[in-house]
Amino acid sequence: MLVLGIETTCDETAAAVVERLADGRAVIRANVVLSQIAEHAAFGGVVPEIAARAHVEALDLIVATAMAEADTSFASLDGIAAAAGPGLIGGVIVGLTTAKAIAMVHEKPLVAVNHLEAHALTARLTDGALFPYCLFLASGGHTQVVAVRGVGDYVRLGTTRDDAIGEAFDKTAKLLGLGYPGGPRVEQEAAHGDRGRFALPRPMIGRPDADFSLSGLKTAVRLEAEKIAPLSDQDVADLCASFQLAVVEMVVDRLRQGLRIFRQRFGPPTALVAAGGVAANQAIRDALLDVALQDQVALIIPPPALCTDNAAMIAWAGIERLAHGLHDTLDTSPRARWPLDQVVKPAAAAAPEPAVPEPGSPTWPAAAADQAAPDPVPSDPVPPESVTPPSA
Ligand code: KG4
Ligand code: ZN
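Just remember that my numbering sits 8 ahead of the position in the sequence shown, which is counted from 1.
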């Protein structure tokens, strides 16, 4: 099965072509990502209007480049997948509308992919992860522990009560004058800082749930910075290192709880899986390895370029949904908010590992898959106010 994926929910304009071979293995035939960092850097965060316009300008060329790199034609595709949310709505409209146009002209099925679902399934693209697994999804807009039980079958075990982890990295970077995007900058500074210099709080540690809270930590960094201002380069590095250590310790504790809750409710997971931009952080990757070793569970972390936003994960999620006969109509709406536990499930979602249907079986125009009953699990809390988007 061969699918074109399009990603435009935030500040990356991306297109990819992914193939699932008859034996189930995935091949990324092209994966093109154009970052808009330069356009947003001066504003210290993503500016939605600038992002949407930049997607309009770049997307046609990015899709053409991906198709050329994959050495394929639209006629050869089995479907067109686009991230239909959650994210900055202007950008989502650009990607979804483009996908609809391609699907309509070439009479191919359209798959409106939930961006979070794409992050959640990436470990199956890279490592063939088997259900059920325990997912740690940490990005600019979301921080969740999720039981991934099948395609479309996600149960949230923990979430953040305020800021997402990536958002906390971004805000910390901003207040320390490190610019945007914050995560990688804080990690770089932390590498030559003294992580023991500032005694920052470890919110939530020791609680029996698997929830996170970041806003107190971010405020504590600000108060420490104000106490010693003006900051030297070493002060900044020490604050970054202390902040990163506090985040790491919180993640370790919260994931131990998450795994415990997972086992209680669903039995042993096949793996602990990480996804989202924050999983590109080496200190967090090392901490996840400690958790997995101690918990005696396999660990799967996709390579950093597939943890941050990309279209290969969208194409792959499209393949997974098409294989279950799930596709969408051309009147599917883009969605700024779309909690992971509200994606449409395949009819046989309760089955642990569904059989792989024949590639290319769905035909256009698709059945109204998105009219099926939504999962009754309550939705995410309202995303915090920020220029960082409520994407993933
Ligand atoms: O999943 P993602 O690429 O985009 C969405 O949020 O949808 O995640 C981006 C987030 C940003 O907040 C960014 O600062 C954070 O991931 N991030 C990192 C690192 N690389 C990206 N955070 C910590 N350390 C990193 N190396
Ligand atoms: Zn994302």
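From the three backbone atoms N, C-alpha and C, an ideal C-beta is built for every residue, glycine too.
Helix, strand or coil at residue i according to DSSP, with G and I counted as helix
i           : result
residue 149 : coil
residue 138 : coil
residue 161 : strand
residue 368 : Per-residue confidence for residue 368 stands at a pLDDT of 39, beneath the threshold of 50, marking its modelled position as unreliable; the derived number appears in the next sentence. If DSSP states are grouped into helix, strand and coil, residue 368 belongs with coil.
residue 167 : strand
residue 330 : helix
residue 269 : helix
residue 309 : coil
residue 220 : strand
residue 144 : strand
residue 247 : helix
residue 280 : strand
residue 174 : helix
residue 98  : helix
residue 93  : strand
residue 227 : helix
residue 53  : coil
Which residues DSSP lists as bridging residue i, in chain order
i           : result
residue 12  : 25 and 88
residue 336 : 118
residue 4   : Limits of the chain in this structure are 9 at one end and 400 at the other, which puts residue 4 out of reach.
residue 7   : Beyond the ends of the chain as shown, which are 9 and 400, falls residue 7; an answer cannot be given.
residue 204 : In DSSP, residue 204 forms no bridge with anything.
residue 155 : 142 and 163
residue 103 : The partner list for residue 103 (beta bridge, DSSP) is empty, contrary to what the question assumes.
Close-in-space but distant-in-sequence residues of the same chain around residue i (CB under 6 Å, 5 per side omitted)
i           : result
residue 232 : 206
residue 85  : 10, 12 and 116
residue 251 : 180 and 229
Chain C contact for residue i (CB, 7 Å cutoff)
i           : result
residue 355 : As a matter of chain content, chain C is missing from the structure shown, which is built from one protein chain.
Proximal residues to residue i (C-beta, below 8 Å), its chain only, five neighbours per side dropped
i           : result
residue 182 : 52, 53, 188 and 190
residue 67  : 14, 16, 21, 23, 102, 103 and 106
residue 71  : 12, 14, 23, 106 and 110
residue 267 : 142, 277, 280, 299, 303 and 305
residue 209 : 224, 225, 228 and 254
7 Å CB neighbourhood of residue i in its chain, flanking five on each side removed
i           : result
residue 202 : 246 and 249
residue 299 : 260, 263, 264 and 280
residue 314 : 130, 134, 320 and 321
residue 226 : 171, 176, 179 and 180
residue 236 : 243
message: Across the region 286-295 and the region 173-192, are there enough close Cβ pairs to call them in contact, namely three or more that are closer than 8 Å?
response: yes
Cβ contact check for the region 125-137 and the region 266-274: 3 or more pairs under 8 Å: no
- prompt: Just checking, does the region 315-332 make contact with the region 119-126 on the three C-beta pairs under 8 Å criterion?
  reply: yes
- prompt: Is the number of C-beta pairs between the region 69-86 and the region 206-218 that are closer than 8 Å three or more?
  reply: Under the Cβ criterion (8 Å, minimum of three pairs), the region 69-86 does not count as touching the region 206-218.
- prompt: Does the pairing of the region 30-43 with the region 330-346 give three or more beta-carbon distances under 8 Å?
  reply: no
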